[in-house]
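Residue numbering for the sequence shown is -25 to -1, 1 to 311, as defined by mature numbering (1 follows the signal peptide of the UniProt record, and there is no 0). Every residue gets a Cβ at the ideal spot worked out from N, C-alpha and C, and that includes glycine. In this text the structure is predicted, and so the values were computed from the model without any measurement. Since the structure comes first, as structure tokens, the remarks are kept for the end.
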Amino acid sequence: MQKRVVFKVNLFFFLFVWNLRKCNCFSEVIFEGRKYVAEGYPFSITCLKSSYGVPKWTRNGLTIDPLDPEYVMTQESFPNDGIRMELRVEKALWKHRGHYKCDPLSKKSHEIEIVPSRESEQELSHQARVQLRPNRTLKLVCDQEENAVFPINWYKDGSRILESPETPRIRMEGRVLSISKATESDSGEYMCVIEMAGLSYPFADHLGSRIKVTYPSRVKKFPTQIRPILHRNWSVECEVQGFPVPRVSWFIDGLPIEEFRLNDSRYDVIDNPEGLPNSVLFINEVQYEDNREITCIADNVDGPDQTIAQLAVRSKSLFEGGKEKCFSISVTCKSD
């Protein structure tokens, strides 16, 4: 196991150095780690960078205190001016979501999205939130004094929102932020800030309340029938959208996957490559008895969505390696 870890780190570093030489950019940064993390579970972010720049962890532009007990940070220097940095959190909470950087001067960041528990979403339902309506105008009102002396600025997920000709959908008038033709990408956590001259978030004079703009769960629909191949391993991913990130649940013939597995351990649920918990259904050694109905349900604070498919197991395909197998028949005829 130790050899595998060392090999992985060395390969990671080799790719980093090769990429650095190829692009000849001193501030090149490569991240490794999952994007989605279930609340209460650990996560880690690995960063490889050159010795140029500032080796310092930030979240949403704010420096993470190395003495903060919620974070564990390690740093290792490599030959050829390489630095490997790692940030670990033992128990993910909603406040840990955001964009992380290991070098404030770099343009690259690593995004962490937290999949909240049902208990946290119950608390969320009592907080300030607005449900996003696609293609409609999203309006948010800051809870600060109507006649504030200093201007009010808005931040989304820690990043300043700016009006510009390149973003004509965004308008800020007084305490009101308007975003026309809203899309799912406009969902997130917003905050209004009264900023005195020369100061900006997080050193602002006053921070307004946080407003969560939520988006209902959406599931990409399965085809009506899916045909796994007999005696092969098979998997299917449930692709979901929404904010907060939806929780994914699976049902087999109406039974929760956790109950179904008690009688058939060939079934399992795993995370997708980005780390979305339980988003992939896996069946080991498909059998004819797996002609069952599968259901994927995604659920967040704005409600659930689901997709259903019928499995129809088929025998080994005649198509292997993208080529059709051909069979020739030789017939000999005799004349009287």
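Boundaries (first-last residue) of the alpha helix (DSSP H) holding GLU233: 232 to 235
Check: ARG207 C-beta below 6 angstroms from any heavy atom of the ligand GDP: Absence of the ligand GDP is noted for the structure shown, with no ligands found whatsoever.
Cβ neighbours of TYR242 in the same chain (closer than 7 angstroms, five flanking residues each side left out): ILE227, ILE232, PHE235, ARG236 and ILE258
Same chain, Cβ closer than 8 angstroms to PHE178, five either side skipped, listed in chain order: Only weak support exists for where PHE178 lies, its pLDDT of 45 falling under 50; the coordinates are left without a value.
Simplified DSSP assignment, three categories, for CYS(-1): Only weak support exists for where CYS(-1) lies, its pLDDT of 44 falling under 50; the value from the coordinates is given anyway. If DSSP states are grouped into helix, strand and coil, CYS(-1) belongs with coil.
Beta-carbon proximity check, ARG111 vs ALA157, cutoff 7 angstroms: yes
Extent of the continuous beta strand (DSSP E) to which SER25 belongs: 18 to 25
Closest Cα partner of LEU107 within the set ASP56, ARG59, GLU159 and GLU138: GLU159
Alpha-carbon spacing of PRO41 relative to GLU14, whole angstroms: 22 angstroms
Close-in-space but distant-in-sequence residues of the same chain around LYS291 (CB under 7 angstroms, 5 per side omitted): ILE204 and LEU205
Spatial distance of ASN55 from GLY229 (CA atoms): 57 angstroms
Coarse secondary structure for TRP32, derived from DSSP in three states: coil
Sequence-distant residues of the same chain with beta carbon closer than 6 angstroms to ILE145, five excluded per side: GLU138 and ILE154
DSSP beta-bridge partners of GLY73: ILE87
Local Cβ density within 10 Å of LEU152, reported as buried at 16 or more and exposed below that: buried
CA-to-CA distance, LEU286 to GLN262, given in whole angstroms: 11 angstroms
Any 3 or more C-beta pairs closer than 8 angstroms across the segment 11 to 27 and the segment 74 to 89: yes
Euclidean distance between Cα positions of ILE269 and ALA284: 6 angstroms
Proximity to PHE197 [Cα-Cα], best of ARG9, PRO109, CYS117 and VAL255: VAL255
Distance between beta carbons of LEU251 and TYR75, contact taken as under 8 angstroms: Rounded, the Cβ-Cβ distance is 18 angstroms, inconsistent with contact.
Residue nearest to ILE186 in terms of C-alpha spacing, selected from GLU214, SER162, GLU61 and TRP209: SER162
Where the alpha helix (DSSP H) through ARG202 begins and ends: ARG202 -> no alpha helix (DSSP H), and no H or E assigned at all.
Rounded straight-line distance, which links the Cα of GLN216 to that of TRP209: 23 angstroms
Of the residues SER92, ILE5, TYR190 and PRO79, the one placed nearest LEU113, counting alpha carbons only: TYR190
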